[in-house]
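Working notes, structure below.
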Amino acid sequence: MFIKENAAIGGEQYLASFSTIYNRMMEEEPESVAVLAQEWHWPKDCIRDLDGPVIYQSSGRVLVQLVWQAFIENPQLLSPAQKRALETVQRIAEEVSIELDHQAGDIQFVNNLAILHARNSFRDSPEKARHILRLGLRDPEKGWILPEQYRSRTESAFKSLEHQCIPVCDFDPYFKTTVATTAAHHG
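Structural data, given as C-alpha cells:
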C-alpha cells in the first residue's frame with residue numbers, strides 16, 4: 001500500500017499476526033478455530049465468490065481469508081458459533097496488534113494471508129484527504145502454496161506472465177506526485 005496522504009482526522013492502521021491469534025485461540029478457545037475452518041457462506045453481493053473457510057492449512061502454515069466488513073453489514077449470515085469465533089479473533093487481534101505510524105510517502109508490504117489489518121474511522125477535510133493506493137502482488141515461484149479452493153480466487157486477479165506488460169511512460173505528466181523537475185520525469 002502506498003500512502004499518498006493521510007486523513008485529516010483518524011484512520012490509524014493496525015496489524016496483527018494471524019499466527020499469534022491462531023495460537024492463542026488454540027489455547028483459549030479451540031472450538032472457535034474449528035468453526036473458522038468450516039465452510040462459511042459470504043454475502044452474495046461480494047465482488048467474487050468467497051464461500052469457503054476463513055482459515056486454510058497449506059504446507060504447514062495456517063492461512064487466513066477474512067473480510068470482516070461483509071459480516072458487519074450482514075450479521076444475519078452468522079451462526080452463533082461463527083459470531084463467537086469472529087468476536088474471539090477480534091478480541092485477540094486488539095490485544096496483540098501494533099499501530100502503524102504511517103506517513104505520506106510510506107509504502108507498506110503486508111501478506112494478507114498471514115496478517116490481519118484494520119483501521120479506525122477517519123474524516124477528510126478540504127485541505128487534507130486520505131489517499132491510499134493498494135497494489136496486489138504475488139510471486140508464483142516463491143509465494144506460499146495456496147489450497148486449490150483459495151487459489152482459484154486469487155489467480156483470477158492476475159494475467160498470465162506472457163499476457164502482462166509493463167508500460168514505459170510518464171505516470172505523472174502533470175507533476176502531481178513527484179518533484180516538479182525534468183529529472184523526476186523520465187520514461
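The sequence shown maps to residues 1 to 187 in the UniProt record's numbering.
By construction, the Cβ of each residue, glycine as well, lies at the ideal position given by its N, Cα and C atoms.
Residue range of the alpha helix (DSSP H) that includes residue i
| i | result |
| --- | --- |
| Ala-118 | From DSSP, Ala-118 is part of no alpha helix (DSSP H) but of the beta strand (DSSP E) over 115-119. |
| Gln-69 | 68-72 |
DSSP state of residue i mapped onto helix, strand, coil
| i | result |
| --- | --- |
| Val-33 | helix |
| Glu-27 | helix |
| Phe-109 | coil |
| Ser-19 | helix |
| Val-54 | coil |
| Gln-149 | helix |
| Gly-187 | Here the model assigns Gly-187 a pLDDT of 37, short of 50, so the residue's position is not dependable, and the following value carries that caveat. It is coil, neither helix nor strand. |
| Arg-138 | coil |
| Gln-65 | coil |
| Gln-13 | strand |
| Ala-8 | coil |
Presumed contact (8 Å Cβ cut-off) between residue i and residue j, rounded CB distance
| i | j | result |
| --- | --- | --- |
| Glu-31 | Pro-53 | Rounded, the Cβ-Cβ distance is 15 Å, inconsistent with contact. |
| Ser-97 | Ala-16 | 4 Å |
| Tyr-14 | Ala-114 | No, Tyr-14 and Ala-114 are not in contact; Cβ-Cβ is about 15 Å, not under 8 Å. |
| Arg-91 | Trp-144 | That pair is no contact at about 26 Å. |
| Leu-66 | Leu-133 | Not a contact, Cβ separation roughly 22 Å. |
| Asn-112 | Gly-10 | Incorrect: roughly 23 Å between the Cβ atoms, too far for contact. |
| Pro-147 | Ser-19 | Between Ser-19 and Pro-147 the Cβ distance is about 17 Å, and since that is not below 8 Å, they are no contact. |
Bounding residues of the beta strand (DSSP E) (the contiguous stretch that carries residue i)
| i | result |
| --- | --- |
| Ile-98 | 98-100 |
| His-131 | 131-133 |
| Leu-78 | Taken as a continuous stretch (DSSP letters only), Leu-78 belongs to no beta strand (DSSP E), as it is neither H nor E. |
| Lys-4 | 2-5 |
Short CB-CB distance (under 8 Å) between residue i and chain C
| i | result |
| --- | --- |
| Ser-59 | Looking for chain C here will not work: only one protein chain is present. |
Practice prompt. Check whether the stretch 119-131 touches the stretch 18-36, taking contact to mean three or more Cβ pairs, one atom from each stretch, closer than 8 Å.
Written response: No contact exists between the stretch 119-131 and the stretch 18-36.
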